[in-house]
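Read through the structure below, which is laid out as structure tokens, and then see the notes.
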Amino acid sequence: MPKYAFAFAVAGATVIIDQVSKAVALAQLSTTERIPLLGDLLGLQLAFNPGAILSFGSGATPLLTAIGVVVTVVLFVSAVRSRTTWWAVGIGFVLGGAIGNVLDRLFAPPAFGRGYVTDFLAYSDLFIGNLADVALGVGAIVLAIGLVRRRHGAEENAAPTPSLASEEMSERMEKS
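Residue 1674 is where the sequence shown ends in my numbering, and the numbering goes up by one at each step.
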């Protein structure tokens, strides 16, 4: 199976779960009432975010939408070019999260390309996010771990192991 199949499977599942969870949140939750899940640490509360993370750029929704579409295309290309499973899975989570939030920006009120992102996961009193945001974070972590592992593996392959070093030293001593 090609590596990009993992990316698209993860992205597809992420988009479906994200969009279904947002539809349920819209139907069941309120912007004024918080439902605690883990005491004050995590709860459910509906919020509409026209901006980016932490509502940054809330007055620039069309620009954020355009940036989101461009980033989604770049992630799609990166997914197609995936050479390792970890990269494909990580990109799949990031791509799915990006698509989930771009869909909101494109199709949610007030107008095409100027919509808000539906948020419902209330993290203490810090911020309210959604499952697309969670997928973006998970994907970033998977990619970071994969890059560290790849770099560590490359360093291990480049450095001689102690047993090889001692064999080389023994051979040199025998030749002398």
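Virtual Cβ for every residue (Gly too), placed ideally from N, Cα, C.
Note that the structure is a prediction, hence the values are computed from the model and not measured.
Using a 10 angstroms sphere on the CB of D1617, the tally of other CB atoms reaches 16 or more, which defines it as buried. According to DSSP, L1536 shares a beta bridge with L1540. If you draw a straight line from the Cα of G1627 to the Cα of I1643, it comes to about 23 angstroms. If you draw a 10 Å sphere on the C-beta of D1602, you find 16 or more other C-beta atoms in it, and that means buried.
Distance from the CA of R1532 to the CA of L1524, rounded to the nearest whole angstrom, comes to 14 angstroms. D1538 and V1640 have their alpha carbons spaced roughly 28 angstroms apart. Measuring C-alpha to C-alpha distances from Y1502 to each of A1577, T1512 and L1540 identifies A1577 as the nearest. No residue range can be given for I1551, since it is assigned to no alpha helix (DSSP H) and is classified by DSSP as neither H nor E. Taken atom to atom, the span from the alpha-carbon of G1557 to that of P1548 is near 7 angstroms.
Contact between the segment 1620-1635 and the segment 1563-1574 is absent: fewer than three C-beta pairs spanning the two stretches fall below 8 angstroms. About 4 angstroms separates the CB atoms of G1595 and A1630; that is less than 8 angstroms, so the two are in contact.
An exposed status is given to S1528, since fewer than 16 other beta-carbon atoms sit within 10 Å of its beta-carbon. Pairing A1521 with I1589 gives a Cβ-Cβ distance that is not under 9 angstroms. L1536 counts as exposed, since fewer than 16 other C-beta atoms from the protein chains shown sit within 10 angstroms of its C-beta.
Distances from the CA of F1546 to each of Y1614, H1650 and L1634 were compared; the closest alpha carbon is that of Y1614. Under DSSP, the beta-bridge partners assigned to D1617 are A1545.
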